[in-house]
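Visitor: My structure is below; once you've seen it, I'll send some questions.
Numbering (this note's numbering), first residue to last: 5 to 394.
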């Protein structure tokens with residue numbers, strides 16, 4: 005019998021026992037589904053967070069004050085003179101309550117300097133960002149991110165509406181697009197000018213953070229060292245371990261994130277593989293039962309000339325087909341689970357081609373590894389003994 009005939013015979017045997025076949029592949033479906041689903045969810049989260057961090061500037065350097073420390077406008081001005089710095093922006097950050105009509109909510113209030121648009125990607129759904137002219141910077145204008153607008157019952161159509169922020173009236177001049185990378189990253193924020201923030205929350209010249217925009221050809225690591233050195237000198241600190249500020253490189257954060265997510269993918273993939281092992285044991289058990297049930301059939305086929313390798317191939321193909329069918333269904337199940345989780349969590353759905361290939365290869369290997377034993381048992385049966393089996 006040729007290989008095509010062996011496959012047809014194997015498929016007919018599988019179809020003849022549909023219920024048992026379905027229960028046999030269930031373990032593989034769950035194993036592959038868990039593998040594909042978990043890895044895809046981690047990858048979607050990683051992609052979303054990376055997208056959100058990149059929107060803040062992939063090569064930007066952020067400086068924030070540590071507990072007990074302060075940053076000032078003078079610090080920002082000193083950093084502007086460093087080679088490789090394209091722009092410097094400052095910000096004042098605090099928490100406050102915003103109210104529109106009868107709806108109130110607490111948000112992060114970002115008071116940003118005029119250079120803020122140069123430090124991040126601003127994607128407006130409607131309106132404009134904060135005024136840039138020096139004479140307009142103290143006006144009470146506010147930009148809402150999508151989450152903040154939704155919490156206040158507003159939308160992109162409500163540019164021009166008025167809200168109160170900590171009891172003071174502000175006019176909505178813009179609404180940002182909803183984050184598509186990783187919903188909720190950074191929380192809900194409202195943006196006002198730094199000048200307005202200072203009149204309400206923070207005395208000049210203190211700032212909460214400084215963002216340094218690097219030139220495209222700048223050595224970011226070298227720039228971080230220069231920023232640290234300048235600030236240490238200005239704050240009269242001799243030991244970097246005693247610094248009252250923290251310098252963060254976005255590229256380093258992304259590298260660390262990718263490293264952690266890679267390890268997490270491997271761990272979750274290993275855990276999911278345990279389900280595949282259980283599914284493989286199930287296939288082996290069912291195939292052994294099938295060998296026992298079909299002992300007389302094996303004896304007849306051997307008596308009329310079927311070779312050992314033909315019997316071996318038939319049972320091995322049955323095991324592999326069952327496993328691969330389970331793998332295909334498992335990939336579909338895993339993709340569905342990852343899509344639903346992404347939809348609920350506001351993630352960007354991602355499913356990598358390599359995880360689909362791994363799922364198929366693993367399912368085929370499970371069929372081969374756990375199908376060899378029963379197939380060899382069937383092939384080694386003596387024809388006379390098989391025919392006498394009751």
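Glycine included, every Cβ here is placed at the ideal spot set by N, Cα and C.
Quick caveat, the model's predicted, so the values are computed rather than measured.
Just to check my reading of the structure: residue 52 and residue 352 have Cβ atoms closer than 8 Å, yes? What is that Cβ distance to the nearest angstrom?
Guide: 5 Å
Visitor: Expressed to the nearest angstrom, what Euclidean distance is found between the alpha-carbon atoms of residue 148 and residue 225?
Guide: 34 Å
Visitor: Would you please state the rounded distance, in angstroms, between the beta carbons of residue 174 and residue 155? I believe it to be under 8 Å.
Guide: About 15 Å separates the beta carbons of residue 174 and residue 155, which is beyond the 8 Å limit, so they are not a contact pair.
Visitor: Pop quiz: residue 370 and residue 280 are said to be a contact at Cβ under 8 Å. What is the actual Cβ separation, rounded to whole angstroms?
Guide: 6 Å
Visitor: Nearest to residue 269 by alpha carbon, out of 320, 355 and 293?
Guide: 355
Visitor: Going by DSSP in three states, residue 275 sits in which element: helix, strand or coil?
Guide: helix
Visitor: Could you round the C-beta distance between residue 151 and residue 192 to whole angstroms and report it? I think they count as a contact, below 8 Å.
Guide: 4 Å
Visitor: What is the DSSP secondary structure of residue 66, reduced to helix, strand or coil?
Guide: DSSP, read as helix, strand or coil, puts residue 66 in strand.
Visitor: On a CA-only basis, which of 111, 136 and 143 is nearest residue 153? Give me that one, please.
Guide: Nearest option by C-alpha distance: 111.
Visitor: Are residue 330 and residue 283 closer than 8 Å when you measure CB to CB?
Guide: yes
Visitor: Tell me the DSSP secondary structure of residue 334 in three-state form.
Guide: helix
Visitor: Quick check on DSSP: helix, strand or coil for residue 21?
Guide: coil
Visitor: What distance in whole Å lies between the Cβ atoms of residue 382 and residue 304, which are believed to be in contact at a cut-off of 8 Å?
Guide: Wrong, their Cβ atoms sit about 13 Å apart, outside the cutoff.
Visitor: From the DSSP secondary-structure annotation, give me the bridge partner or partners of residue 99.
Guide: 112
Visitor: Please report the residue range of the alpha helix (DSSP H) in which residue 197 lies.
Guide: Not the alpha helix (DSSP H): residue 197 falls in the beta strand (DSSP E), residues 193-197.
Visitor: How many angstroms separate the CA atom of residue 311 from the CA atom of residue 300?
Guide: 15 Å
Visitor: Indicate whether the contact test is met: 3 or more Cβ pairs, each with one atom in the segment 238-257 and one in the segment 112-125, closer than 8 Å.
Guide: no
Visitor: Out of 94, 98 and 131, state which residue places its alpha-carbon closest to the alpha-carbon of residue 123.
Guide: In this structure, 94 is the residue among 94, 98 and 131 with its C-alpha nearest to the C-alpha of residue 123.
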